[in-house]
Amino acid sequence: MDHPQTPRILAPHLQSFQHKLVRMLGKVVQLRGETAVIDAGGNVDIILNRDCHLTPNHAVEIIGKVDGNLRVKVLTATDFGTNIDFDAANAVVEATHRYREIFYDAD
Amino acid sequence: MSYSNNYETSYTSYGAGGGASSGGFIPGEGSQNSPSGRKDYTQDTLRAVTIKQMLDSPQSADEIFKIDNTPISQVTFVAQIRNISSQTTNITYKVDDGTGSMEVKLWVDSDNENAQDANKAKLVENTYCRVWGKLKSFQNKKHVGATVIRPVEDMNEISYHLLEATVVHLYFTRGPPGGQADTAAHGGQVPQITGGEYSGGQMVGYSKVAQKVFEYMRQAPQSNEGLHQHDIAANIGCEITDVAKAGDDLLAGGLIYTTVDDQTWAVLEAD
């Protein structure tokens with residue numbers, strides 16, 4: 001089974017990645033049962049699945065699909081703990097889109 | 001470069017001169033190697049890459065992969081483990097770094113199982129790992145033959161790696177930092193000498209004394225041996241130590257050069 005590309009994005013990129021698979025790193029702001037809010041360069045509503053175990057204030061990396069309302073339906077979530085340098089992570093997102101040739105294919 | 005040729009010579013004399021046919025570590029000299037198939041290990045590099053770069057890399061006839069037109073040998077990357085399949089001789093990890101996915105084969109080392117087990121227990125599905133290895137192709141399918149796989153414990157290593165891969169990519173596609181464009185962006189600390197006209201603007205970054213020394217050297221009558229720093233100091237009325245310091249800066253900047261000795265300088269004419 002091949003795993004498709006999952007470009008790293010932040011909240012402002014959601015619009016241009018509608019209906020696509022993406023990878024986002026953010027801080028868990030709010031848990032509301034079936035959904036949650038993460039801060040990834042802005043608040044993002046995410047729709048959880050049964051396997052997600054989010055902890056408030058922890059960094060989490062999610063892989064999911066952006067829907068038409070700019071919410072992200074989570075496929076997998078990985079806890080990244082509390083010691084994440086978000087400046088570095090955000091620099092990676094910037095590099096991803098500025099030097100796309102080594103990160104993802106345009107379609 | 002003909003390192004391999006030089007090397008061949010030395011090997012021949014070594015074999016002929018000594019009795020120790022198996023002494024020493026001789027790179028690339030395996031028992032089954034034919035002389036023509038020897039690789040040039042002096043060109044070995046370790047490069048940080050993304051999986052997409054490896055998937056995109058073309059392979060030339062001599063089985064060398066290239067990324068950004070540069071041959072690669074050893075590679076390193078950080079990725080998330082998606083699937084693990086253990087076989088008797090190797091463990092195959094399917095890994096994904098968001099830019100693509102790749103199979104990584106780690107050969108089981110029966111002499112050293114304990115050391116591997118410590119890492120192996122932590123290398124479970126969905127965790128991140130750091131891989132060092134070589135890109136290979138088998139039946140037109142690429143995989144990485146791993147030397148080492150270890151778990152990533154500080155998640156910031158993921159950001160670090162992707163930024164490092166970007167830096168290396170830019171190095172090979174745009175040249176090292178500090179090129180012309182970069183210098184201009186930083187206020188011209190290193191003056192770019194383009195013609196015979198040295199306006200004050202091109203001396204930005206040099207001390208007043210250095211500017212004075214340079215101006216005097218350009219105008220004073222002199223032989224092709226240039227001027228001694230004592231003469232310069234006397235004529236512009238500066239301390240000899242200040243002139244020496246100014247000279248060092250001008251030498252470092254490539255505006256002047258030493259002639260008969262270290263204290264005698266001439267202007268380096270751009271034309």
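For the protein sequence lines, the chains are A and B, in the order given. Note that the first sequence covers residues 1 to 107 in full-length UniProt numbering. Note that the second sequence covers residues 1 to 271 in full-length UniProt numbering. Ideal placement from N, C-alpha and C gives every residue a C-beta, glycine not left out. Bear in mind the structure is a predicted one, so any value in this text is a computation, not a measurement.
Quick one: what's residue i bridged to in DSSP?
{"i": "D79(A)", "result": "V60(A)"}
{"i": "L31(A)", "result": "A36(A)"}
{"i": "Y128(B)", "result": "Q80(B)"}
{"i": "A48(B)", "result": "T76(B)"}
Quick one, which of the options has its alpha-carbon nearest residue i's?
{"i": "T55(A)", "options": "Q30(A), D67(A), V74(A) and I63(A)", "result": "Q30(A)"}
{"i": "L250(B)", "options": "N235(B), E239(B), Q229(B) and V260(B)", "result": "Q229(B)"}
{"i": "A146(B)", "options": "N69(B), D109(B), G205(B) and A118(B)", "result": "D109(B)"}
{"i": "W132(B)", "options": "A121(B), H161(B), Q139(B) and F138(B)", "result": "H161(B)"}
{"i": "R50(A)", "options": "S16(A), V74(A), I84(A) and D87(A)", "result": "V74(A)"}
{"i": "G98(B)", "options": "D67(A), L25(A), A40(A) and I46(A)", "result": "L25(A)"}
{"i": "G64(A)", "options": "F80(A), Y104(A), L21(A) and Q5(A)", "result": "L21(A)"}
{"i": "E103(B)", "options": "Q222(B), K136(B), R218(B) and K212(B)", "result": "K136(B)"}
{"i": "N69(B)", "options": "T88(B), L227(B), S57(B) and A244(B)", "result": "S57(B)"}
{"i": "L170(B)", "options": "D44(B), V49(B), K142(B) and I240(B)", "result": "V49(B)"}
{"i": "A79(B)", "options": "Y128(B), Q43(B), L55(B) and L123(B)", "result": "Y128(B)"}
{"i": "N140(B)", "options": "D231(B), N235(B), E63(B) and P221(B)", "result": "E63(B)"}
With a threshold of 16 other CB atoms inside 10 Å of the CB of residue i, please say whether the residue is buried or exposed.
{"i": "R47(B)", "result": "buried"}
{"i": "E225(B)", "result": "exposed"}
{"i": "G33(A)", "result": "exposed"}
{"i": "S2(B)", "result": "Residue confidence is low: S2(B) scores 43 on pLDDT, short of 50, so the model does not pin down where it sits. Its coordinate-derived value is still stated next. When all chains shown are included, S2(B) counts as exposed."}
{"i": "V260(B)", "result": "exposed"}
{"i": "R150(B)", "result": "exposed"}
{"i": "P98(A)", "result": "Correcting the residue identity first, residue 98(A) is Arg in this sequence and not Pro. The residue in question, R98(A), is exposed, as its Cβ has fewer than 16 Cβ neighbours within 10 Å."}
{"i": "V204(B)", "result": "exposed"}
{"i": "R174(B)", "result": "exposed"}
{"i": "residue 304(B)", "result": "In this structure chain B extends from 1 to 271, so residue 304(B) is not present and cannot be described."}
{"i": "Y257(B)", "result": "exposed"}
{"i": "F138(B)", "result": "exposed"}
{"i": "T6(A)", "result": "buried"}
{"i": "W265(B)", "result": "buried"}
{"i": "A234(B)", "result": "exposed"}
{"i": "Y41(B)", "result": "exposed"}
Where does residue i fall in DSSP's three states?
{"i": "H143(B)", "result": "strand"}
{"i": "Y206(B)", "result": "coil"}
{"i": "V92(A)", "result": "helix"}
{"i": "residue 275(B)", "result": "A query on residue 275(B) cannot be resolved here, the shown segment of chain B reaching from 1 to 271 and no further."}
{"i": "G30(B)", "result": "Reliability of the predicted coordinates at G30(B) is poor, the pLDDT of 46 falling under 50, and no value is obtained from them."}
{"i": "T70(B)", "result": "strand"}
{"i": "M24(A)", "result": "strand"}
{"i": "V243(B)", "result": "helix"}
{"i": "T92(B)", "result": "strand"}
{"i": "F138(B)", "result": "strand"}
{"i": "S223(B)", "result": "strand"}
{"i": "T264(B)", "result": "strand"}
{"i": "S199(B)", "result": "For S199(B), the predicted model reports a pLDDT of 48, less than 50, meaning its position is unreliable; a value from the coordinates is still stated below. It is coil, neither helix nor strand."}
{"i": "N43(A)", "result": "strand"}
{"i": "F214(B)", "result": "helix"}
{"i": "A252(B)", "result": "helix"}
{"i": "F65(B)", "result": "strand"}
{"i": "S85(B)", "result": "strand"}
Rounded C-beta distance between residue i and residue j? I'm assuming under 8 Å.
{"i": "K105(B)", "j": "N90(B)", "result": "5 Å"}
{"i": "A65(B)", "j": "Q59(B)", "result": "Here residue 65(B) is Phe; the residue named in the question, Ala, does not match the sequence. About 5 Å; that satisfies the 8 Å criterion."}
{"i": "T76(B)", "j": "R130(B)", "result": "7 Å"}
{"i": "A91(A)", "j": "L163(B)", "result": "6 Å"}
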